[in-house]
Structures are given as structure tokens and as C-alpha cells.
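K.L.:
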Amino acid sequence: MKLLLVEDDPSMQATLVRSLSRRGMEVSACADGRIALERWRGSSPDVVLLDLTLPGMDGLQVLEQARKSGLVTPVLILTARGTVGDRVIGLNSGADDYLAKPFDLDELEARLHALNRRHAKDKEPGASQVVGSLRYDRDSGAIYHGADVLELTPRELARLQALMAKPGHAVSKERLFELVFPGEADVQYEAVEVVVYRLRKKIAGTGVNLMTLRGLGYLLKAE
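Counting from 3, one number per residue, gives the positions in the sequence shown under the working numbering.
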């Protein structure tokens with residue numbers, strides 16, 4: 003596994019590089035947010051282990067910029083910020099997992115391998131994402147309810163794809179706006195709600211609920 007470690011504490015960085023390298027990982031480490039983003043773009047790591055408190059650009063900014071530029075590498079946030087609110091912010095910014103300091107090295111290794119396996123499976127030809135009775139086929143780009151293809155507009159499709167990528171996790175309105183209306187500065191955020199309303203009607207009766215979490219965003223959940 004190629005791991006990009008972004009940690010500005012010298013002692014913690016050295017310990018993680020030594021420990022994870024001994025466990026068979028190829029670890030590239032840096033301590034600055036801007037440098038981390040450049041290295042992420044250039045080295046194509048399998049997993050990114052990202053601290054939040056960084057010089058140059060904090061971890062959330064690094065993550066948001068990476069996702070906006072199309073980087074889909076799984077990210078495990080590693081930080082001393084352990085409150086529920088901080089975890090929600092991190093996950094809504096595009097993280098795949100979250101581990102608060104102090105942590106157990108065995109648990110960290112297990113989570114890193116789990117993220118790597120999941121990402122590798124997602125890249126397999128024919129891989130699909132399933133939420134309840136809905137299935138997103140990555141090869142065709144279509145979303146199925148049973149054997150039938152859902153008839154969706156491009157914006158509805160982009161919206162549903164984003165939610166199916168993180169079933170059971172809230173996706174912020176801002177993130178959905180970026181995916182559904184990329185580069186359309188003259189469109190208001192309320193337009194996302196219109197797409198949500200139409201999408202709810204189209205998936206009614208499928209056994210999958212599109213839920214609104216006030217202050218957090220939207221979540222897709224099987225009944």
C-alpha cells in the first residue's frame with residue numbers, strides 16, 4: 003500500500019513512518035498542507051492519512067481542494083479534535099474515515115487496509131454501488147431499481163450518484179451544489195432543493211429514503 007502521511011508533529015510523524023513501514027506500507031510523509039496537496043496530485047497514493055492542524059493549509063482545506071480537483075483517494079483523518087461535530091465536518095468535507103488521537107496502531111492499520119480494499123474493489127470493472135433496492139452501475143453510469151433503469155435528468159443523476167457513494171452519511175448542500183452545478187456561479191444554493199424534491203418523487207416506492215438533516219445536508223438510507 004502506498005500511503006501519503008500528512009502530519010506536522012515531528013515525533014508523531016517519525017513514529018508513524020517507522021511503525022507503518024515495518025508493517026509493509028510504502029510511506030511518504032510531509033508536514034505542510036500545500037506541499038501535501040501537490041504531492042497527492044503527483045504521486046497517486048492508495049490512501050491518505052491526514053492531520054487537520056497543519057501549516058500552510060489546514061487539513062480540511064487540503065481535503066476540500068483535493069475533492070474539488072477530482073482526487074478520489076480514500077482519506078482517513080487523524081486528529082486530536084475528537085468531538086462529534088468535528089467528525090461530521092470532516093466526513094462532510096470528503097473524508098472516508100476518522101480516528102481521534104490517541105489511537106491504537108493496530109486499529110489504525112486495520113482501518114487503512116479496509117479503506118484500501120474498498121477503494122480497490124470500487125475500481126474493479128463492473129463494480130457497482132448498492133443502497134437498498136437501488137444500484138449504481140459504474141460502467142454504464144446508470145442507476146437501477148431492480149432490473150429497471152431510473153429515468154433521471156443529468157442533474158438528478160449526479161445528485162443521486164453523490165449520495166449513493168456515501169450511503170448513511172450526510173453530504174452537505176455545498177458539496178452537492180459543486181457536483182450538480184459545477185462552475186455555474188449564477189445559480190443559487192436553493193436550486194439543490196429543487197433537484198432534491200424531484201429526486202424524492204422519482205425514488206418514492208423504492209424502499210430508499212432521501213433524508214434532510216438540518217444543518218448537515220442530505221443522506222440516503224435504505225428502509
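Note that the Cβ used here is the ideal one computed from N, Cα and C, for glycine as well.
My output table needs one value for Glu66: the three-state DSSP class, helix, strand or coil.
P.N.:
The answer is helix: DSSP assigns Glu66 an H, G or I state.
K.L.:
With DSSP as the reference, label Glu28 as helix, strand or coil.
P.N.:
Three-state DSSP puts Glu28 in a strand.
K.L.:
State yes or no: is the C-beta of Val74 within less than 9 Å of the C-beta of Val8?
P.N.:
Their beta carbons are not under 9 Å apart, which means Val74 does not touch Val8 by this criterion.
K.L.:
Which of the three DSSP states is assigned to Thr55 in this structure?
P.N.:
Note: Thr55 maps to coil in three-state DSSP.
K.L.:
Indicate whether at least one CB of chain B lies closer than 9 Å to the CB of Arg36.
P.N.:
Note that chain B does not occur in the displayed structure, where there is just one protein chain.
K.L.:
Within the same chain, show all residues whose beta-carbon is closer than 7 Å to that of Glu180, passing over the 5 residues directly before and after it, in chain order.
P.N.:
Lys70.
K.L.:
Just the C-alpha distance for Gln67 and Gly96, rounded to the nearest angstrom, thanks.
P.N.:
In a straight line, the C-alpha of Gln67 is about 10 Å away from that of Gly96.
K.L.:
In the structure shown, what three-state DSSP assignment does Met213 receive?
P.N.:
The answer is strand: DSSP assigns Met213 an E or B state.
K.L.:
How close, in whole Å, do the beta carbons of Lys175 and Gly148 come, if the pair is a contact with beta carbons under 8 Å?
P.N.:
Lys175 to Gly148, Cβ: 30 Å. No contact.
K.L.:
Going by other Cβ atoms of all chains shown within 10 Å of its Cβ, with 16 needed for buried, is Asp98 buried or exposed?
P.N.:
It counts as buried.
K.L.:
Given Asp53, which residues of its chain have a CB within under 7 Å of its CB, disregarding the five upstream and five downstream residues?
P.N.:
Once the five neighbours on either side are set aside, the close Cβ partners of Asp53 are Val8, Glu9, Asp10, Gly61, Leu80, Thr81.
K.L.:
Can you list, in chain order, the stretches of the alpha helix (DSSP H) that have 4 or more residues and sit fully within the segment 131-191?
P.N.:
As far as the segment 131-191 is concerned, its whole alpha helix (DSSP H) runs of at least 4 residues are 156-166, 175-182.
K.L.:
Looking only at its own chain, which residues have a Cβ that is under 8 Å from the Cβ of Gly35, when we skip the five neighbours before and after it?
P.N.:
Cβ neighbours of Gly35 beyond the five flanking positions: Val8, Leu56, Pro57, Gly58, Met59, Asp60, Gly61, Gln63, Val64.
K.L.:
Any idea which residues DSSP pairs Tyr100 with across the strands?
P.N.:
For Tyr100, which the question treats as bridged, DSSP gives the partners Ile79.
K.L.:
If we ignore side chains and look at the alpha-carbon of each, how far apart do Ile37 and Glu28 end up?
P.N.:
Rounded to whole angstroms, Ile37 to Glu28 spans 18 Å at the Cα level.
K.L.:
Leaving out five residues on either side along the sequence, give the residues of the same chain with a beta carbon under 6 Å from the beta carbon of Gly134.
P.N.:
Correct list, in chain order: Gly209, Val210, Ala224.
K.L.:
Going by DSSP, what residue range makes up the beta strand (DSSP E) through Leu218?
P.N.:
Where Leu218 is concerned, there is no enclosing beta strand (DSSP E), given that its DSSP letter is neither H nor E.
K.L.:
Looking at the ligand COA, does it come within less than 8 Å of Arg216, judged from the CB to the closest heavy atom?
P.N.:
You won't find the ligand COA in this model; it holds no ligand whatsoever.
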